[in-house]
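Accompanying notes for the structure given below.
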């Protein structure tokens, strides 16, 4: 029996930051797009490669700000959470804040590798709130939907502070569900869609672009460099530039706060130059 | 007082956070990995078997 390579990744850097000590999983996909190229005279299909492209997805933890022991950011480090100004931090079970980034292809005839350009960004939030018997909690979201007089109160600012990093996004409450389950708590599930202002920062916060997360949220159209080496010896190394297609921050009671990234390569992925 | 003296001590460089939510330690220098090593060539016996 041969010993096989395990988690001995020796290099994993994105946008100048090393994720070696923080990533939980990663997947680099190198793929050719193909076009069906068999003649009508044949029943067999023929895949003709026409372009090359690559995607990189990974999930990371975060170290708490200033921690000398590399303590990880957990949901307990969320110090504020509000939708439309209502504090829901004591009543929320779980939630996922996602960013999605649309791309259009920027490669010409001469290019083998895809050159996707980010052309739009959108945010959404999915969450489940409990309902305290004294009222409030998830009921506040139902009240927004029940208001017979106006649509305007469905506009709601999403605001969350985690480990001192404030995230603030103007959004629209587009769905509220009351879930009633046998022998379970009543839950209000909600879905919020992004509502970009006509001018100014979007998201409202953060505005800095120091970390990979901030770069993805604020300036997703700027490609980030990445380097990956699967193992120091007998491994493979890769480098290139990437732009995000999605990011998801997962918050769940009693768990680490995870960030899931999906990127697509801009241009060639190549072995790291020695 | 010149602008330089007045602003001394006030200027702070934009520092990329190395810890905190969404941050990752900075890669100090361009990392040069070892050259990718190829797996050993298969033994010649294998070739013989294929030809047989």
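Residue numbers (the numbering used here), protein chains in the order written: chain A, 3 to 276; chain B, 20 to 71.
C-beta: ideal position from N, C-alpha, C; glycine also.
Asked                                                                                                                                                                   : Found
May I ask you to list, following chain order, the residues of the stretch 153 to 169 of chain A that have a beta carbon less than 8 Å from some beta carbon of chain B? : 164, 165, 166 and 167
If we define contact as Cβ-Cβ less than 9 Å, is residue 187 of chain A a contact residue for chain B?                                                                   : no
As a quick exercise: from A/241, A/202 and A/194, pick the residue whose alpha carbon is nearest that of residue 225 of chain A.                                        : A/241
Looking at chain B, is there any beta carbon in it that lies within less than 9 Å of the beta carbon of residue 85 of chain A?                                          : no
Please state whether DSSP places residue 94 of chain A in a helix, a strand or coil.                                                                                    : strand
Can you tell me which of A/120, A/169, A/193 and A/186 puts its alpha carbon nearest to the alpha carbon of residue 147 of chain A?                                     : A/193
For a quick check, are the C-beta atoms of residue 245 of chain A and residue 56 of chain A less than 9 Å apart?                                                        : no
Would you say the stretch 248 to 261 of chain A touches the stretch 58 to 73 of chain A, given that touching needs at least three Cβ pairs under 8 Å?                   : yes
Residue 214 of chain A lies in the beta strand (DSSP E); which residues open and close that run?                                                                        : Per DSSP, residue 214 of chain A belongs to no beta strand (DSSP E); it is in the alpha helix (DSSP H), 214 to 220.
Is residue 181 of chain A close to chain B, meaning its C-beta is less than 9 Å from at least one C-beta of that chain?                                                 : no
Which value, in whole angstroms, describes the spacing of the CA atoms of residue 68 of chain A and residue 47 of chain A?                                              : 58 Å
Using 8 Å for Cβ pairs, my map puts residue 19 of chain A next to residue 268 of chain A. What's the rounded Cβ distance?                                               : Actually they do not touch by this definition, with Cβ atoms about 18 Å apart.
With a CB to CB cut of under 8 Å and the five nearest residues on each side skipped, what residues in its chain are close to residue 1 of chain A?                      : Past the boundaries of the shown model lies residue 1 of chain A; chain A is included only from 3 to 276, so the question cannot be answered.
Going by CA-CA distance only, name the one from A/218, A/247, A/249 and A/77 that's closest to residue 165 of chain A.                                                  : A/77
Below 8 Å on the Cβ atoms is my guess for residue 178 of chain A versus residue 190 of chain A; work out the distance and round it to an integer in Å.                  : 6 Å
On the three-state DSSP scale, how would you describe residue 113 of chain A?                                                                                           : coil
Would you call residue 15 of chain A buried or exposed, if buried means 16 or more other Cβ atoms sit within 10 Å of its Cβ?                                            : buried
Grouping DSSP H, G and I as helix and E and B as strand, with all else coil, what is residue 195 of chain A?                                                            : strand
Check the C-beta distance from residue 129 of chain A over to residue 94 of chain A and give it rounded, since I have them as a contact under 8 Å.                      : 6 Å
Around the Cβ of residue 4 of chain A, are there at least 16 other Cβ atoms within 10 angstroms (buried) or fewer (exposed)?                                            : exposed
Tell me the residue span of the beta strand (DSSP E) that contains residue 124 of chain A.                                                                              : 118 to 132
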